[in-house]
Amino acid sequence: RKWQVTDCFFGGSFDIPTEERLRIDRPYYRIDKDALQHVLSPQNANYRVVLANHMSEAISTNLYSPTGSLLHDDTGSTIRLRTTSSPPDDSDTRSIRAKLIVDCTGHETKLVLKDTASPSLPAGFQIAYGALVTVDDTSSPDPSKIGPYDKEAMTLFDYRTDHFDGDEERRQKAERSPTFMYAMPIKGNQIFFEETSLVARPAISFQECKERCLTRLEHLGIRVMDVEEEEFCYIPMGGALPAKQQRVIAFGGAAAMVHPSTGYNLCRNMMGAGAVAKAIQDGLMVGDGADAVRKHVNLDKVAGSAYDAMWSPENVAQRNFAVFGGEYLMKQNVEGLRGFFDGFFRLPLGMWAGFLAGWPGLPNNDKHETWIARLTFGLTFVSKLPPKVGLNMFLSIVSYSLSEGIALPQSVTPLFGKPGSYDYQDIPKNQGDVAAKNEARRMIEESKMDVDVPVPFEDESSSVKKEIDAVPST
């Protein structure tokens, strides 16, 4: 479904009337997840599906528990899978052999370790309670609307809190830990409502979101006749990136690809998938087109190239900028968020749209993929904010940079270099000084001294046995 325009309500602060609507002249799309899955799963595709669960947990780089559940060698990996939900035994497990393993099990993966070498804050969480409902609109004064929500528009944010007027305790709680309504008219009097906590640590409760949703609808005079579906949204945002030098290739949530400020993920994954697939293909094959052949390669190096396709130093710097955004947002009360987003959507289209996308290849990402572009965005953004919010953001930038190190300054200046690369680093062989050892061996061989010349162990053991055999018995 496509809505031609997107609406927001940020009234209640900074002299913005409660009923004032901010209309963004940009369309909003709802993806049909079943159709998308069908398109991405062609019947003639050269793959097979195994319905099973893995049983492995990474305990160190490329080491897993229980022993033997996931093993890597120079030609591939072997993983044991559990085919039933009962405790495993030999009869309900099977082993799968693969050249490489790509882990798409989500943010809380057990197959991939998180990076502990670089400082990072724990993930925040986007929590939402949603319901697809049918409403009674027979007595609506305006048939083109459901409550204040236009049927031909997608309402992305409603951050108003007037539905708690008269209940001081709940109002103060909603202002300290804000949530917003997301309203998506589907057809006729069918609409999807979702009360959302953008990002918080710890997460706000689902029950709190549900109660706020129902209170808001009652206040707006929207009477629900039937609840067709309920949705419980849980999206980890930010947190550490995967550790380097791992053979298993994390992707999607497992690789922390979720936008750290917004929770958006689908378009980022689809754009990133092509780059990662190409890196793997190029690493495994030599030649072009029909002449390409599979070659024996260092699979750790191929995995490193795949990770670098996701998290190049430039991508990591752009993510670090967005991570600060998420940390800033989760510390704001409702007044701060109203001012933040009212200013955000008054930026030039390319700037705010590029920030929401935030991935190479997506529209307007050029407004954010270099340090100078991000610095320009930041300075322009602050100029659009209410003075109180702008000052708060400036102080947050200083505080965050002092407490969390160079990640943010590195993303907006050239002074601190670039973040580290995921490219595979060869492990130097521990050979010592070969020239010195060879010289010593040659000089020993040429020496006239009556001493044994060092020999390989097998020769030495043979020599010892002859000496023993030569000793006269008594």
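Using our numbering, read the sequence shown as starting at 645 and increasing by one per residue.
Every residue gets a Cβ at the ideal spot worked out from N, C-alpha and C, and that includes glycine.
| Asked | Found |
| --- | --- |
| Boundaries (first-last residue) of the alpha helix (DSSP H) holding L1035 | 1031-1048 |
| Local conformation of N959 per DSSP, three classes | helix |
| Rounded straight-line distance, which links the Cα of L973 to that of G907 | 12 Å |
| E813 at chain B interface by Cβ criterion, 8 Å | Among the chains of the structure shown, chain B does not appear; only one protein chain is present. |
| For K795, three-class secondary structure by DSSP | coil |
| Test item: CB-CB of F984 and R804 under 8 Å | no |
| Whole-angstrom distance between S739 and T782, CA atom to CA atom | 60 Å |
| Whole runs of the beta strand (DSSP E) within the region 703-746, excluding any shorter than 3 residues | 707-709, 714-717, 720-726, 737-742 |
| Backbone secondary structure at M914 - three-state DSSP | helix |
| Within the region 669-700, ranges of the alpha helix (DSSP H) (whole runs, at least 4 residues) | 677-683 |
| Candidates I675, Q851, P880, of which the one nearest E752 by Cα | P880 |
| Rounded separation between T1057 and S1045 - CA only | 13 Å |
| Contact belief for I790 with I668 at Cβ below 8 Å, rounded distance in angstroms | Rounded, the Cβ-Cβ distance is 19 Å, inconsistent with contact. |
| Beta-carbon proximity check, G998 vs K1028, cutoff 8 Å | no |
| Own chain, CB closer than 6 Å to D802, minus 5 neighbours either side, in chain order | F653, F824, M825 |
| Coarse secondary structure for G774, derived from DSSP in three states | strand |
| A742 versus T1014: straight-line alpha-carbon distance, rounded | 37 Å |
| Simplified DSSP state of G896, which is helix, strand or coil | helix |
| Exposure label - D747; buried when at least 16 CB within 10 Å | buried |
| C-beta atoms of H903 and G1002 nearer than 8 Å | yes |
| Distance, S1091 Cα to A884 Cα | 60 Å |
| Sequence-distant residues of its chain with Cβ nearer than 6 Å to G897 (five each side left out) | G750, H751 |
| Assumed close pair I675, L1000 - CB separation to whole angstroms, cut-off 8 Å | The Cβ separation is near 15 Å, so there is no contact. |
| Rounded Cβ spacing between K888 and Y673 (contact assumed at less than 8 Å) | Between Y673 and K888 the Cβ distance is about 36 Å, and since that is not below 8 Å, they are no contact. |
| Nearest neighbour of Y793, chosen from R860, V694, S709, A679 [CA to CA] | R860 |
| L755 beta carbon less than 8 Å from that of V892 | yes |
| contact_flag[the region 766-773, the region 838-852] where n(CB pairs < 8 Å) is 3 or more | yes |
| Segment limits, alpha helix (DSSP H) that includes C857 | 850-863 |
| Residue interval of the beta strand (DSSP E) (run including E839) | 834-844 |
| Cα-Cα separation, G832 to V779 | 9 Å |
| Cβ distance (whole Å) where H716 is taken to contact N706 below 8 Å | 6 Å |
| Per DSSP, cross-strand counterpart(s) of F824 | T840 |
| Cα-Cα separation between H940 and A1080, rounded to whole angstroms | 34 Å |
| Which of helix, strand or coil DSSP assigns to D659 | coil |
| Pairwise C-alpha distance: C857 and V871 | 13 Å |
| V920 versus G882: straight-line alpha-carbon distance, rounded | 21 Å |
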